[in-house]
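This report refers to the structure that appears directly beneath it.
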Amino acid sequence: MLSVAHIGIVVKDTDKSLDFYTRVLGCTVEETYQDERIRLTFIKAGQQTIELIQYQEDAVKTRGAGNVDHIAFAVTDMEAEVARLRQHKVTLLLDQPKVTNGKKILFFAGPDGERLEFVQKL
Numbered sequence: 000m001l002s003v004a005h006i007g008i009v010v011k012d013t014d015k016s017l018d019f020y021t022r023v024l025g026c027t028v029e030e031t032y033q034d035e036r037i038r039l040t041f042i043k044a045g046q047q048t049i050e051l052i053q054y055q056e057d058a059v060k061t062r063g064a065g066n067v068d069h070i071a072f073a074v075t076d077m078e079a080e081v082a083r084l085r086q087h088k089v090t091l092l093l094d095q096p097k098v099t100n101g102k103k104i105l106f107f108a109g110p111d112g113e114r115l116e117f118v119q120k121l
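Residue numbers are given in numbering that gives the first Met the number 0: position 108 of the sequence shown equals residue 107, and the series is strictly consecutive.
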């Protein structure tokens with residue numbers, strides 16, 4: 000079985016997204032790369048890697064279709080994490096965490112409107 004190497008998310012502003020993922024969610028920068036057409040920043044979220052992809056203006060036109068529905072982050076204290084999101088004025092996509100299938104879940108938006116989720120096993 001293959002394991003996930005990373006999840007790539009196309010962002011409009013790497014600096015804004017990097018601030019969100021590091022300051023609000025506690026991720027850390029692992030590696031960066033930039034050339035005339037693209038800027039890549041790899042960040043660690045626990046054992047997982049997320050790749051933030053910012054295309055330069057001309058490269059955006061040649062990018063093919065692609066879509067990531069959401070990224071889920073495992074948490075141990077949903078209430079504390081929701082309070083932290085509210086403190087940072089993050090847009091919540093549910094008013095309150097929802098309990099489903101033995102888990103508490105909450106969807107919220109990243110800086111480019113990407114759908115993110117917190118999951119707490121009960």
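Glycine residues also receive a C-beta, built at the ideal position from the N, C-alpha and C atoms.
| query | result |
| --- | --- |
| Cβ neighbours of residue 20 in the same chain (closer than 8 Å, five flanking residues each side left out) | 26, 42, 44, 49, 51, 109 |
| Where the beta strand (DSSP E) containing residue 118 begins and where it ends | 114-120 |
| Host beta strand (DSSP E) of residue 93 (start-end) | Premise fails: residue 93 is in no beta strand (DSSP E) and is neither H nor E. |
| Proximity below 8 Å, CB of residue 133 to CB of residue 55 | Here the chain has residues from 0 to 121 only, and residue 133 is not among them. |
| Where residue 90 falls, given that 16 or more other Cβ within 10 Å makes a residue buried | exposed |
| With 16 other Cβ atoms within 10 Å as the buried cut-off, status of residue 16 | buried |
| Where the alpha helix (DSSP H) containing residue 99 begins and where it ends | From DSSP, residue 99 is part of no alpha helix (DSSP H) but of the beta strand (DSSP E) over 97-99. |
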